[in-house]
Every structure is written in structure tokens, then in C-alpha cells.
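Undergrad:
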Amino acid sequence: MKMNFNFNKISVIFSHELKYLLRDKTTLFMMVLLPIIIYPLISFVSAYMFMKSSDSVKRSVTKVAVSRDEKPFIDALKSDFGRAGIRYDIRVERLSTEEVQSAIVKKDLSAYIEIADGFGEKTTGGKSSEIIIKYDLSNDKSNFARAEIFSAVRNYREELVDSNIEKLNIPPALIYPFDITGVNIASPSRMGDSFLARILPMIIIMFATLGAFYPAIDVTAMEKERGTLETLLLAPLGALDIMFGKFLAVFCLTMFSILINLASISLTATHGFFVIQKIASASRLANMVNFSISPSAVIAIFVFMVPAACIMSALMMQIAIFARNFKEAQNYMTPVLLIFMLPPMVSLLPGYSLNASNAFIPIVNLTLLMKGMLTGNYQLSHALIAFCVNLALSVITLIAAAKTFSSEHVLFRPSEDMDVLFFWKYKSLKINQEMNLLKLFFILQLVLLYYAGSFAQTFFEIKTGLLITEILLIFLPSFIFVKLIHGDFLKTIGFRTIGFGTLAFAFFAALCGFGFTTVVTIFQSLFSSPPDELLKQLQKAITARTPGAFFSIAVITALLPAFCEEVMFRGMILTTLVKRYSAFSSALICGVLFGVFHFSVYRFLPTAIIGFYLSLLKISTGSIIPPMIAHFLNNFIIVAAANGEWYLSKGIRPPMQLILLAEGLILLGFIIFPMVVNSMLKRSCGPEGPR
Amino acid sequence: MNENPAPPPLSITGVTKTYAEGSVSEFAALRGVSYDIGSCGIYGLIGPNGAGKTTLLRIISSVIKPDSGDVLIFGESIRSNPAASKAKIGFLSATTGLYSRLSPRETLVYFGRLFGLENEKISKRVTELCELFEMGDFIDKKNETLSFGQRQRVNIARCLIHEPEIFVFDEITEGLDVMTSRTVIKFIKYLAEIKKCVIFSTHDMNLAERLCENIIIMHKGLIIEAGRVDELKRRHSMPASSLEEMFISLIGARDSYAPEEERQ
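Heads up: the protein sequence lines correspond to chains A and B, in order.
So in the working numbering, the last spot in the first sequence is 691, and the numbers never skip.
So in the working numbering, the last spot in the second sequence is 1264, and the numbers never skip.
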């Protein structure tokens, strides 16, 4: 494919698509009318509902029964209710608890006040008495009455205290040694921020997705349905020109959609609620709805949405071009919509904000960044990481979309065509098809691991979570993939018995590898060290207090990964890689993927090195057992060392010679490791080839 | 380009095309097609379903690319100089559609721009084509409001906008009512009169016999016969019979001794 663009033709396509898309009523409605209407509507309706419910409680008559006719008390109650603007009906009646209950249910009563015998005489005579208030918390009306009665009763008690103080001539400071004044320092607008900050990023991304949805289908699948794609390809311009012209149009509409949504939200927030405030009689409501969004935050959000809009447009177009008509496109796009609409929901979680690790997850990082911008609570470095990650992804999605657009097979997909996704219907897969499937599968598995894995590890106990992750999320999908694509599982992953010499070599390689990665980790920590929090968590997870616990930890963090992760990386992935690339490149790619898979910036380099030499170990020995053994040893040493450190922290010191020996071995391993790698490389690509 | 006088309008050499390689639905649509058109005229492309007619016509028009082989259009290769070869081709198929939210005028202007014509040239062409196909009544209405016959006229005008030399029509009379079909046939004859090349595929043998001087017969991804209609009849010693009878005997004879094994 030639990569020279015809900018003139791109602009012809762009202006045509823009005009054509804007003539579509659905697009116009989704993009312009809906955002303009929906925010004011939602805010008015919710404010109205709120007002209605709080007013209705207030307006209806509060019915209180008092067990004894204590005139001064009832008068105080009446005057208190009157001051609060509550309509009341106070009667004197003696009721049992059951009677109170049924009366509240029947709405004959809101609350019941039981006054102890001789209340009047006792309270005025300086003796203690009692008032019991009976109410039903599950009933709004009763709950409301309770609050008002409590405050009235407290007021009455204070009145009595004050009059006693006066009578006995006691200085008031003796009774009230200090005053309590509560000051709510949260400004109304800040309160609004925190509510808005959680909901707004989700809404913006949702509407941006919807904004891209119809245009993306219209410029791709609809072109096929109308029968105009053919005529477009007849013109002297490349598939890339067509794709970029269309992409720019969809992208602009998406950005336009974001702009309209932002404008509508901020106008509603600053002016719309102002109107409600005027209508609202309750001052409490006015405090709650006083939101504001600063213009600078709006502009910043708009800028940061640029790569997101790019990713959405490119990805949606890439998927929709596979479809032959609108209906098919809608089906294909549903998962894409979910990808864009579910992750932003993390912004709803209170207290979850942008940090150094989630800044690397596209879309999610944008949501959290927007949340941070609205509350003024984010770090510039994280914002930059988030921006760059999304920018990089947008470039990748664009290139991928361009590649898809240059595929005739996609553009002219016959009705009886088997999609590559239905790979089990293929007689035999070509290597590039196998590679594409593997890429897709790896990405899906990463996404699955990230979300389901972290869920499993937080929802369950960490050990159970790891167990679930290793077996259900790493081993099982790989097993299914290998079964479907290659058939024979054990043969494909290279499960072959090995001789004693190879076994010894695996041990040796693992020890040298451990030495090398340890030195690399130490070296890396000179430049950037993981946060202490992370280290502590890791340490805690793999530290055992009893031999039994040590055994189970060793199984879960060493034996299980050695099996499951090797099946995935050295079994499933490497098997396909070596068909396409040289032994060295395959091992390198597999290593990098292994590093990525650990989802940590700090662990990337060491794990990638481990992945690299484990891959070479498999290629050079032709069996998956040596890398499994080496993987187990590597993890086991780490677990054992971590436990050793725990003993150290408890003050139990091993002999100095042992420490020196270990350090010496690590250094020796570091030095020998390159030679080990070299020998494996020679065995993999040597004249005899792999065994 | 070398200075050979007047390269032939169309020259197809060793074109192959396989769809969905590696899948169950793998299908060799063209298995090495070579053919030269020396002089302009009307060429009819006939063959049973799946013979590769549409694939061949799409490759000639550069809508799809061949796996191997090349096509030269007035000496311009579809591989090395697709822009030049595309400018000489006007293509229309039964599945060709129109942008429903555009008017015929906007459609013509859009394609004129895609073919890189100057604005004045475009408006001149639009006026000419509007007259030629009597589109004055509906030139500024939306395509979606037009009748089927009107749309077909817009489609034909669309493939004429850049004044191509060779016209490639893929089953365009199929499924048309008598009146519309007549418009199309009149148009094909008109093109021949103004000395343009027309290659069209059809299942209608009578139409092919009536309209074409030359016939190309395809079967299972190969051209099995080609030449003037009377010449072909003479060659197969069926001078009195119709093109349809000859076609059936030709295809029937091939299928009887080459049964299913070729389908693989």
C-alpha cells in the first residue's frame, strides 16, 4: 500500500461526508438536539421531584398524640411547630405501642409522645422525669415528625434549664461551660463539583460514543448497503484517502458532539439551576443544586477528549466496515459500545482517582482525569501520561483502521463468507490468520485479566483471587484457544518429556536468570522504585507464618503460574510466533508480551527478561517442561526470599556466610546469564536446529 | 510510455483471483484469464453463475486487484498507474447505488471532484448530461425521492461524468422493467455510435446476440471462447442455431467430462 496521501481528494471526501452526515436526521438528533434538551430536562425533572417530595412531607398535617395533657409542654411544642411552618394536629390520648404502630400505618398518627407521671411537678420541682418519643423510622412522615419533635423537646428542656438557672441565680457558664458552633466549610459549589465530577466524565464519554456511533456506520456499512462503495473505489484515489476523509468527518462530528454536550452541561449547571433556585422555596435545595464548572476545566476536558474521539471514531469505523448493512453493523458495534461505556463507570466510585498505574489504561484514565479536573485534584504528570497513552492508542487504532480499509476481503465480504472470527470453520489457518487471531485473543485476554482479575483479587481473598486468575483467566482461555485452533493440546504446547541433561540445564538457566533479573531490578530501583505501598502488599501476600501456609503460597504463586502462564505464553503464543519469526525475535516478542501481561511499570523489565529466556529455553529444548521448571524455580526463590526477609525482620539472622554465598551466586548468575542465553540461541538457530 | 502508435483499448494478461484464501469458502474466481480487445465496439461477456464475470469486470475497473497478471487500459497498467487507468473506465453494475440524501446534481459534482475535474468542467458536464438523459425535472430533488428509472439514469450519468473511453457494465439490464431496460440498451447503442468501447456481462442471450458484435464466453474462471458471433457459430458448426443453443452445448460439453473435481 502506497502511503502518499492525496490531500485534495481527502478534503473532497471529508466535505462530502460531513454534509451528507449532517443531512441525516438521526445523526442530527443524537448529536445536537438530544444534548441540548436532555441536561436541562434531567435537572428540572430531578429538582422538581425533590421539591415535590420534601414539600409534600412538609405540607401534610403532622399528627402527634401526647399521653398527658401537660399544658406548658404542649404549648412549647405548638409554638416550635408554628415557627418551622409545620401544620400540626396535637391531641391528648394514651396509647399502647401496638396502637401507635397501627395508627402510624393508618396515617392517623405521625409520632407519639409519652410523658411520665408527674412530669410537670417533677420538672418544676427540680426532680428528673422522662419523655419517650415513639416513631417509625421506615415511614417518611413519622421520620420527619421525629426530627421536629426532638428539636422541640430539646428546646423545651433548655428553656426549663434556663429558667432554673435564673431562679437559682447560678452563672450560666457553670451549666454551659462552652458553646458549640458547627460551621459547614464545604461551599455549595464544591459540593456540586463532587457530584458532577463523578457523573460528568461518564456522560461525556457516553455521548461522545453515541456521537461517533451513527456517523461511523453511515460512512462504512451504509456505503455497502447503498451500493456506493463500489463507485467510490472506481475513482482515482486510494483506500487510505477514502478512509482518512471519512475518518476526519466522523472525528469532527464526535468532537462537535462533545462540544455541544459540554456546553449544554455547563450552561445547565450555571444557569439552569439558577432558575430552579428561584422556583425552589426550600433553601436546603438551593444549597444542593448550586453547581458550577469553570470555563478552564471545560476547555481542558475538550482538549483531552481529542485522542479519545480519535480512538472512538477509528475503532468504530474499523468494526463497522466489516458489516454489510446497518443491522449487521449495529450487532458488531455492541461490544465496542460496551468497551467505551463500561470503563468510564469507575469515575462513579468515590475516592477512586488518577494514579501512576491507572493513568496507563486508555479511556479509564481520561474519565478519572476529567473527574480530577472538575474537583481540581490531579497531578500534571499523570495527566500527561494519560494524554500520551490515549494519543498513542489513537495512532494505533488509526493505522489498524487504515489496514482494514485496504483489505478487499473486508470491503467485498460475500454473504456466505466466513469471518475470521469463525475460525473453527476453516480447513487450515494460514500463518497470518493465525497471527491475527492470536493478537485479538491476547488483547481480549489482557482486558479480561485486567478487569476480571483485579475484581477476583479484591472480591475474594488474595490467594483465592490468584487461584481464580491463574486457572480461569489464564489457563482455561489458552486451553480453549489451542484446542480450537490446533486441536491436539499437549502436542501443540510441546509437552514432551526431557532428559536429565536438559533438566539440569533448566535448573541452571533458572538460577542464572534469577541472578540476572535481581541485579536488573536493583539497578532499575536506582532510577525509579515502586511505591512502598505496592511492595508491602506484595510482601504481605507471599509471606507465610506457618509451614502449611508457606506450602499453599508456594503452590499458588510458584507452581500454578509455572504451569498456567507457561501454557499461555510458551504454549499458545510462542507456538504461533516461531512459525513467523526467527527464534530470537519470537523470544523477544514473547518476552515483551509477558512483561506487559504483569500490568506494572516496575515489573515490566524483569518479567520481560524472564519471558525472553523462558521462550528461548522452550525453543532450544523443544519442550515446554524446561520453561515450566525454570518458571517455578524463579517464583519459588522469590517467595522463599520474601519469607526469609520476614524472618530477618523478626530478628532471626542467618549466618553471614549464607548471605554472602547467596549474593555471590546472584552476581555469578548475572555474569553467566548472557552466556546461557547465547548458548540457547545457538542451539535454537544452529545448523542442527531445535531438537 | 513508449511511442508505439495507439495502444489497444484493453489488454488482459494472465489475471488470477482467489477469494477467501485458506478458508472453507476458498474460491478461485479467475484462473488465468488473457484477452485483448483490439478495436472498440460492443463486447458481450456471458457465462453461468460463478464463471468469474463480475470478478473480471471489477478487476478491469480497478475496484479489486488481481492476485497476479495485469490489465492495460490504453497502455496504462491498473497495477502501476491505477489513477490513469481509472480515468478511462466507466463502470456500472446492478448493485451500484446512489447516495440517497444527495440530489442528482450533487452526485455528479461529487464524482466529478473525485475524478479531479475542474469546477467549470464539472458544471459543463452536468449541463450536458442533464440534457442527454432528460434529468431537468429532478436534477435538484433528493435521490431517495426518485423513481427507479430516474435513478438508473442518474447512475449512468454518474459513470459518464469523467468522459471515459471504455464502459464496463455488469448485468445492468437484469431485473429492470421493459422501459428502463430500453433506456439502458439505447444508451449502450449510443456509446457504440460515438466510438466507445463497451464490455457488458449478461444472462440474456437474446440481448447479447442482438447487441454485440463480439462475444466472450467464460466458464469456471477461464475464457473458453471468444470472437464474433457468426464466427463462433461457424467454428462450432452450429450456423443455424441461436447463441443460447451454442452456449448450452459448449458449457454442457465441458461440464460432462469435467465434473465436480474442478470445483475444489
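No residue lacks a Cβ here, since even glycine has one placed at the ideal position from N, Cα and C.
(1) Straight-line CA distance for Arg413(A) to Thr1018(B)?
(2) So, for Leu240(A): in the same chain, excluding its five sequence neighbours on each side, which residues have a beta-carbon less than 6 Å away from its beta-carbon?
(3) Under 6 Å Cβ to Cβ from Leu237(A), same chain only, skipping five residues before and after it: list those, please.
(4) Beta carbon of Ala65(A), beta carbon of Glu93(A): below 8 Å?
(5) By how many angstroms is the C-alpha of Ala541(A) removed from the C-alpha of Gly611(A)?
(6) For His1219(B), which three-state DSSP category applies?
(7) Counting contacts by CB-CB distance shorter than 8 Å, is Ala1020(B) in contact with chain A?
(8) Considering only the alpha carbon of each residue, which of Ser1062(B), Ser1068(B), Thr1096(B), Gly1047(B) lies closest to Arg1151(B)?
(9) What's the gap between the Cα of Lys107(A) and the Cα of Asp80(A)?
(10) In whole angstroms, what separates the C-alpha of Ser281(A) from that of Asn155(A)?
(11) Within 10 Å of its beta-carbon, does Met1246(B) have 16 or more other beta-carbons around it, so buried, or fewer, so exposed?
(12) So what does DSSP say about Phe322(A), is it helix, strand or coil?
(13) Check whether the stretch 670 to 682 of chain A touches the stretch 506 to 515 of chain A, taking contact to mean three or more Cβ pairs, one atom from each stretch, closer than 8 Å.
(14) Using DSSP's beta-bridge definition, name the partner residues of Ser1093(B).
(15) Assign Asn1214(B) to one of three DSSP states: helix, strand, or coil.
(16) For chain B, check one thing: does any of its Cβ atoms lie closer than 8 Å to the Cβ of Gly728(A)?
(17) Would you check if the distance between the CB atom of Leu665(A) and the CB atom of Gly513(A) is smaller than 8 Å?
(18) Scan the stretch 1106 to 1137 of chain B for residues whose Cβ lies nearer than 8 Å to a Cβ of chain A and list them as they occur along the chain.
(19) Which chain A residues are close to Pro968(B), counting only those with a beta carbon under 9 Å from its beta carbon?
(20) Hey, quick one: how far does the alpha helix (DSSP H) through Ile485(A) stretch, first residue to last?
(21) Does DSSP classify Val61(A) as helix, strand or coil?
(22) Mind checking whether Pro627(A) and Leu614(A) have CB atoms under 8 Å apart?
(23) Given a limit of 7 Å on CB to CB distance, which residues of the stretch 213 to 236 of chain A reach chain B?
(24) Closest to Cys1130(B) by C-alpha separation, out of Ser1147(B), Asn1155(B), Thr1145(B), Phe1148(B), would be which residue?
(25) Rounded to the nearest angstrom, how far is the Cβ of Ser60(A) from that of Lys141(A), given a contact under 8 Å?
(26) Under 6 Å Cβ to Cβ from Ser1011(B), same chain only, skipping five residues before and after it: list those, please.
(27) Helix, strand or coil for Cys1265(B)? Go by DSSP, reduced to three states.
(28) Would you mind giving the Cβ-Cβ distance between Ile301(A) and Met370(A), rounded to the nearest angstrom? I have them listed as a contact below 8 Å.
(29) Rounded to a whole number of angstroms, what is the C-alpha to C-alpha distance between Ala1317(B) and Thr220(A)?
(30) Alpha carbon to alpha carbon, what distance is there between Ser585(A) and Pro674(A)?
(31) Within 10 angstroms of its Cβ, does Met1135(B) collect 16 or more other Cβ (buried), or is it exposed?
(32) Looking at chain B, is there any beta carbon in it that lies within less than 8 Å of the beta carbon of Glu328(A)?
(33) Closer than 7 Å between beta carbons: that is the criterion. Which residues of the stretch 9 to 28 of chain A meet it against chain B?
(34) Residues in the same chain with beta-carbon distance under 6 Å from Phe1027(B), minus the five sequence neighbours each way, listed in chain order, please.
(35) Would you list, in chain order, the members of the stretch 1085 to 1102 of chain B that have their beta-carbon closer than 8 Å to a beta-carbon of chain A?
(36) Strictly under 8 Å for the Cβ-Cβ distance: is Lys1053(B) near chain A by that measure?
TA: According to the structure shown:
(1) 13 Å
(2) Ala402
(3) Asn6, Lys9
(4) yes
(5) The alpha-carbon separation between Gly611(A) and Ala541(A) amounts to approximately 23 Å.
(6) strand
(7) It does; some Cβ of chain A falls within 8 Å.
(8) Closest by C-alpha distance to Arg1151(B), out of Ser1062(B), Ser1068(B), Thr1096(B), Gly1047(B), is Thr1096(B).
(9) 22 Å
(10) Only weak support is given to the placement of Ser281(A): the predicted model assigns it a pLDDT of 49, under 50, and the question is left unresolved by the model.
(11) Counting Cβ neighbours within 10 Å, Met1246(B) comes out buried, since at least 16 surround it.
(12) Note: Phe322(A) maps to coil in three-state DSSP.
(13) Contact holds: three or more Cβ-Cβ distances are below 8 Å.
(14) Asp1170(B)
(15) strand
(16) Residue 728(A) is absent from the structure shown; chain A starts at 1 and stops at 691.
(17) no
(18) Tyr1110, Phe1111, Arg1113, Leu1114, Phe1115, Gly1116
(19) A question about residue 968(B) goes unanswered here, because the residues of chain B that appear run from 1001 up to 1264.
(20) Following the DSSP letters along the chain, one finds Ile485(A) inside the alpha helix (DSSP H) bounded by residues 476 to 486.
(21) coil
(22) yes
(23) Arg226, Gly227, Thr228, Glu230, Thr231, Leu233, Leu234, Ala235, Pro236
(24) The residue with the shortest Cα to Cα distance from Cys1130(B) is Asn1155(B).
(25) 7 Å
(26) So the list reads Asp1036, Leu1072, once near-sequence residues are dropped.
(27) In the structure displayed, chain B extends from 1001 to 1264; residue 1265(B) sits before or after that span and is not available.
(28) Going by Cβ atoms, the distance from Ile301(A) to Met370(A) rounds to 5 Å, so yes, they are a contact pair.
(29) Lying before the first or after the last residue shown, residue 1317(B) is absent from chain B, which here runs from 1001 to 1264.
(30) 16 Å
(31) buried
(32) Between Glu328(A) and chain B, the shortest Cβ-Cβ separation is not below 8 Å.
(33) Lys9, Val12, His16, Tyr20, Arg23, Asp24
(34) Tyr1019
(35) Lys1086, Ala1087, Ile1089, Phe1091, Ser1093, Thr1095, Thr1096, Gly1097, Leu1098, Tyr1099, Ser1100, Arg1101, Leu1102
(36) no
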